[in-house]
Structure formats: structure tokens, C-alpha cells
Amino acid sequence: MRHLIAAASLLALAACGLNGTDNEQDKKDAAAADHMSIDDNRADSMRSNDPAEGAQAAVDIPDTQERPLMQAQVVLDRQGFGPGVIDGKMGASTKNALKGFQEANGLDVTGELDDETKAALGKWSNIPATRVVTIPADWGQTTYAETPDNPEDQAKLQILGYQSLDERLAERFHTTVETLKMLNPGGLPAGAGQVVGSATTSASPDADKTSSFTAGQQVRTPNIGADRIDDSRVLDKGWLVTLSSLGVGTDQPQVAKVVVDKSEGWLKGYDTTGKLVALFTVTTGSSHDPLPLGTWGITGIGHNPPFTYNPDLFWDVPDSNEKQELPPGPNGPVGVVWIDLTKEHYGIHGTPEPQTIGRTQSHGCVRLTNWDAARLAQMVDTKTKVVFQA
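Mapping of the sequence shown onto full-length UniProt numbering: position 272 corresponds to residue 272, and the numbering continues sequentially without gaps.
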């Protein structure tokens, strides 16, 4: 059992343009509970339901196509080699994930879905690319609101939560709203012959945006797994809610060393034997805020961290702007996790924009999707070595 690390009393994100402090336990729980209840999205109502090894999956609504690339992404994601957003497309994140899987399994590292790799992934051929789930009824009772652009306006909120039910659903299944719409043409799961649940576009409470999906509706989603949560391993109720909302389970490998490669755009996790057990695509620093090459340690891990926005630390923001105390939430500047490093003001964290990972630059820190950051946060501890290389 890997115990969650209590976050350091001061998690400073100067290179990212932020200063952060860890919330007290009750404050974190209250913020998370304000956005969603413990029971409204546990890995139960929409959890994966895999067939036994060698058996075929039970399918209520057959998909209209096999989606082989999406199926490979689903398997890679389950095995700890994150393809980023699961969208059925061969992008840089999927190529990185394939390279990680190939390295870990002694295959030629090509980054392609070649015959040898297809054969290795064939072990999980009975895992479908997609599944149909019912959006929990409680999701319709949640308040969704646009995230203001101005930090001063963000600071007035209790939580930087999901902006719409659509966005929340996409994060739960490691995908994009566009992919969900593709899997549900006309608001129906691909392959469905009649309306199942509500398929109308509805407005989210108190939000300017509208959602294409609604509570109680059946939808087709990527068939993500590895989402089983053991409550006894999570002491922080707010973090328990976060893991559930991201479809991230508590059974994660222990990582002794993390390596971030700036030129390749990936983060690798190795166990104590030196075996590669995880790979995630990342966004790293820019020419203004370069990645600090070298070997570092971890001082603490902040779950659902609030932050102090400090304009003095942004090269592209006027110093005349005022500092702001920003609340926690998945749409906060560093997402749901801050892994603090011994290199002052640097860390590894989540993001409010998962589709940008590996495609943009950061203010010096290492950024992952929220779901990958949540997995990594359970893999590492203060004994984990972190290496940044060019």
C-alpha cells in the first residue's frame, strides 16, 4: 500500500507564475464537495466491467465499427502508457504511448502500431474500444460555470470546477467533447436504433455554455479501465472524489525514478528494478522558462491545490497586476495535482486544457493531463528521484 504524502506546507510555483499553499483537510473536502458529492461519480455507476480473460465482453448496444486505433489507445491507457486524450487518432501522445509499451515489453521501439505491437496488444483483444454508460442523475444537480479569464474574477469563486457537463464527461473518460459527439451522433450512442434517455441539448445551471449531453442519458464513451478505487487507501475525501471524477483507480505501480525528456516530450516512470512501468506525454518549459535540467527530489504532493497567482513571476504579464488567491479545481492553472520538487519553484502538475499537452509550452514546469497527473501522484513519494534531461 502506498500512502498518500502530506503536501509540503508551502508549495511555491514561481517558475509557473504561481505561488501555492496546501489547503487544510476540511477546506479541501469542502471545496470538492461543493462541486460534486462523494457518491455521484464513483467508479461504480460508470465503471469498467471487463470480461474474464479469454471471454468476450457483454455488449448491450453494439458499436457501428471496431475502432482499432481507439481500442489500442484504451489498452495503452489501462496499462499505464498514456495516449493523452483518447480520440482514435494517431498523434504524438499515442506514438509516445506505443514507444513506452514497446520498450516495456521488449519490442522494437517504433512508435507505430506495427504487426509485432498489435500481436502484443492482442492479449487484451477482448477489451472493446468503447462502452455505453448512463450519465448519473446527480450530474444534473451540479452547478457548472464558465472559468473567467481574469485571475481577479477567478479568485472570487469557491472552486474552479468543470464548465459544463460535457467537459466533465470528457475528463471522466480521458477524451474530448468532440470525440464524445462523434461516438454519439445525434445524441445517441453509435449503434443505437432509438432514443435512449434524453438526447436534447440542455443548458448547464448558471453557465453560459450549453451541454450536448445531459444527466440520465446513455452515451458511448472510450472504454477506459484501471478505475477501481479502494476507499481504504485514500484518507482525503476530496481526493477520493477527484480520483472518481477522473476514472483513475488506486492500484498504481510504485515508481522509484521519474525521467522527463524535453526533446521527446515524455515522462517515464521506472520501478526499483529499472523496469519501465509508466509513460505520459508532457508539456515542458519554454525559452523564457526553460526546464531545469538535472536530478531533483520530491518534497511533497498537493491534491486539489489552491494557488497564489503572482504576476511578478510571469514574463508575459505586467508586474502592475495584483496577486490573487485562486481556489482549487480541475480548471485551475495547475489542475488537480502539484508534485513539488527540490528545485525551488518547480513542480509536476495537471492542466485545465488536456488537449494541449505536448503541443504547447509551459512557464517552466512539467504539465500532464489531470488524469495522468492523478495517476503519477499515486506512483511517487519523497524517495522518488526526478531527472530532467534535454
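Glycine included, every Cβ here is placed at the ideal spot set by N, Cα and C.
Cα-Cα separation, residue i to residue j
| i | j | result |
| --- | --- | --- |
| LYS385 | LYS99 | 22 Å |
| THR175 | GLN163 | 16 Å |
| LYS123 | VAL337 | 33 Å |
| GLY111 | ASN96 | 6 Å |
| ASP289 | ASP261 | 16 Å |
| TRP239 | ALA120 | 34 Å |
| PRO253 | ARG359 | 27 Å |
| VAL334 | ILE357 | 13 Å |
| residue 396 | GLU264 | No answer is possible for residue 396: it lies beyond the span of the chain, which begins at 1 and ends at 390. |
| ASN223 | ALA104 | 23 Å |
| LYS237 | VAL59 | 33 Å |
| THR142 | THR272 | 43 Å |
| ALA31 | GLY329 | Here the model assigns ALA31 a pLDDT of 48, short of 50, so the residue's position is not dependable and the matter cannot be decided. |
| ILE135 | SER125 | 26 Å |
| LYS275 | ASP108 | 16 Å |
| GLY161 | SER244 | 15 Å |
| VAL234 | GLN324 | 30 Å |
| SER211 | GLY269 | 37 Å |
| CYS365 | ILE339 | 10 Å |
| GLY294 | TRP266 | 16 Å |
| VAL75 | LYS156 | 41 Å |
| PRO354 | ASN370 | 7 Å |
| ASN331 | GLY249 | 21 Å |
| VAL177 | ASP166 | 6 Å |
| ASP63 | ILE86 | 17 Å |
| GLY193 | ARG367 | 41 Å |
| LYS89 | ALA55 | 27 Å |
| PHE173 | MET182 | 14 Å |
| ILE229 | ARG131 | 19 Å |
| GLY186 | GLU53 | 35 Å |
Presumed contact (8 Å Cβ cut-off) between residue i and residue j, rounded CB distance
| i | j | result |
| --- | --- | --- |
| GLY225 | ASP50 | 6 Å |
| LEU180 | THR221 | 7 Å |
| ASP227 | SER48 | 6 Å |
| PHE388 | GLY82 | Not quite, the Cβ-Cβ distance comes to about 19 Å (not below 8 Å), so this is no contact. |
| HIS345 | ALA373 | The pair is not a contact, with the Cβ atoms about 18 Å apart (cut-off 8 Å). |
| THR214 | GLY140 | 7 Å |
| GLN158 | PRO305 | The pair is not a contact, with the Cβ atoms about 15 Å apart (cut-off 8 Å). |
| ALA129 | ARG67 | 4 Å |
| VAL219 | VAL133 | 6 Å |
Span of the alpha helix (DSSP H), counted from its first residue to its last, around residue i
| i | result |
| --- | --- |
| PRO151 | 151–154 |
| GLY238 | 237–245 |
| THR283 | Premise fails: THR283 is in no alpha helix (DSSP H) and is neither H nor E. |
| GLY100 | 92–104 |
| MET46 | It is not in any alpha helix (DSSP H) - MET46 carries neither H nor E in the DSSP assignment. |
| GLU178 | 177–183 |
| THR117 | 115–121 |
| ASP166 | 165–172 |
Residues bridged to residue i (per DSSP)
| i | result |
| --- | --- |
| VAL133 | VAL219 |
| GLY294 | PHE388 |
| GLY269 | VAL258, ALA278 |
| GLU325 | THR308 |
| TRP338 | GLY302, HIS349 |
| ARG367 | THR283, HIS349 |
| PHE81 | LEU279 |
Endpoints, beta strand (DSSP E) assigned at residue i
| i | result |
| --- | --- |
| THR308 | 307–309 |
Residue i versus the options, residue with shortest Cα-Cα distance
| i | options | result |
| --- | --- | --- |
| ALA278 | PRO354, VAL258, VAL133, GLY297 | VAL258 |
| PHE307 | GLU152, ALA104, MET182 | GLU152 |
| LEU69 | VAL109, PHE81, LYS118, ASN304 | LYS118 |
| ASP149 | PRO352, ASP372, ALA377, LEU376 | PRO352 |
| GLN79 | PHE388, GLU167, GLN102, ALA377 | GLN102 |
| THR299 | LEU160, GLY187, LEU341 | LEU341 |
| ASP115 | LYS89, ALA72, GLU322 | ALA72 |
| ALA256 | VAL219, GLY297, ASP230, GLN217 | GLY297 |
| GLN217 | ARG375, LEU76, ASN184 | ASN184 |
| ILE127 | GLU322, ASP77, GLY84 | ASP77 |
| ALA137 | LEU169, ALA145, GLN154 | LEU169 |
| GLY302 | GLY193, LEU376, LEU188 | LEU376 |
| ALA190 | GLU53, GLN65, LYS383 | GLN65 |
| VAL282 | GLY347, ILE229, ALA52 | GLY347 |
| GLN154 | GLU322, ALA390, GLN378, ASP381 | GLU322 |
| LYS343 | LEU291, SER232, GLU171 | LEU291 |
Interface flag, residue i vs chain B, CB-CB below 9 Å
| i | result |
| --- | --- |
| ALA170 | Among the chains in the structure shown there is no chain B, since it carries only a single protein chain. |
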